[in-house]
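Every letter in the sequence shown is one number past the one before it in my numbering, and letter 27, counting from 1, is 224.
Backbone N, C-alpha and C define an ideal beta-carbon position, used for all residues, glycine too.
Owing to the predicted nature of the structure, the values given are computational and were not obtained by experimental measurement.
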Amino acid sequence: MMTKYKKHYIGLIFLICIFIWSLIKPKSYLIWILEAAPLIIGIPVLILTYKKFKFSNLTYMLILIASCVMLVGGHYSYTEVPLFSWIQKIFNLSRNHYDRVGHFIQGATAALIIREILWKLRIVRGKLWVIIISICMCLAVSAFYEIIEFAITYVVGGEADAFLGMQGDIWDAQWDMICALSGAIVFNFIFSALSYSENKK
198 MMTKYKKHYI GLIFLICIFI WSLIKPKSYL IWILEAAPLI IGIPVLILTY
248 KKFKFSNLTY MLILIASCVM LVGGHYSYTE VPLFSWIQKI FNLSRNHYDR
298 VGHFIQGATA ALIIREILWK LRIVRGKLWV IIISICMCLA VSAFYEIIEF
348 AITYVVGGEA DAFLGMQGDI WDAQWDMICA LSGAIVFNFI FSALSYSENK
398 K
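Structure, rendered in structure tokens:
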């Protein structure tokens, strides 16, 4: 029988495998480092604090999915992920939308991480305020990330254009933030619904 937290360790092993695959002959090691940097910083923090602070299974699942999204994007670059390039060709789309999916998942993940920290550490009391503040903070994180993307691309120059990934869309940063905001809102309500169902049992 699987112990309560064994699934978390299985998820970590799976992530390590994806990490190793992603690191083997990526399109550009510079792009890989830029895309994987949040993961390289964040996962060790989660491991070091695991015994003192555990997130819900839903949040860990989203962290795993978001991490895999980053690593796949780092390997191919977000603008050239094969599956989404195929979708772009089949449906005659104007761009590869992998980055939109990535920002949606990242927004959802950030919102649930912030929400659980605010609630479990009793920083904010009142479930409605926790939802509102986590969504607002997620949008702030998304905007800050867009500024970081701009700053890195400005400093490094053309070599990091794939990191910015605008694909000719002048509203790319705004769409990225909308996707992150949408993910934060949708998964906040999913988390609330699941929590309500658990409490009724």
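When the five nearest sequence neighbours on each side are left out, the beta carbons in the same chain lying within less than 7 Å of the beta carbon of A370 are those of E343, in order along the chain.
In the structure shown, F250 adopts coil according to DSSP, grouped into three states. In the DSSP assignment, V298 falls within the unbroken alpha helix (DSSP H) covering 295-317.
Beta-carbon to beta-carbon, S219 and L268 are separated by about 4 Å, close enough to satisfy the 8 Å threshold. Of the residues assessed, R319 falls on the exposed side of the cut-off, its CB having fewer than 16 other CB atoms within 10 angstroms.
For M374 against A340, the beta-carbon gap comes to about 6 Å, under 8 Å, which counts as contact.
Within its own chain, the residues whose Cβ lies closer than 7 Å to the Cβ of V383, once the five positions on either side in sequence are excluded, are A305, listed in chain order. Per DSSP, reduced to three states, the secondary structure at Y202 is coil, with no helix or strand assignment. Put simply, the backbone Cα of V266 is about 6 Å away from that of G299.
Where Y275 is concerned, there is no enclosing alpha helix (DSSP H), because DSSP gives it neither an H nor an E.
By the neighbour-count definition (other C-beta atoms within 10 Å, threshold 16), Y257 is a buried residue. With a contact defined as Cβ atoms closer than 8 Å, F252 and I310 qualify at about 7 Å.
C-alpha of W229 to C-alpha of P223: approximately 7 Å in a straight line. A straight-line Cα-Cα distance of about 24 Å links V327 and S264.
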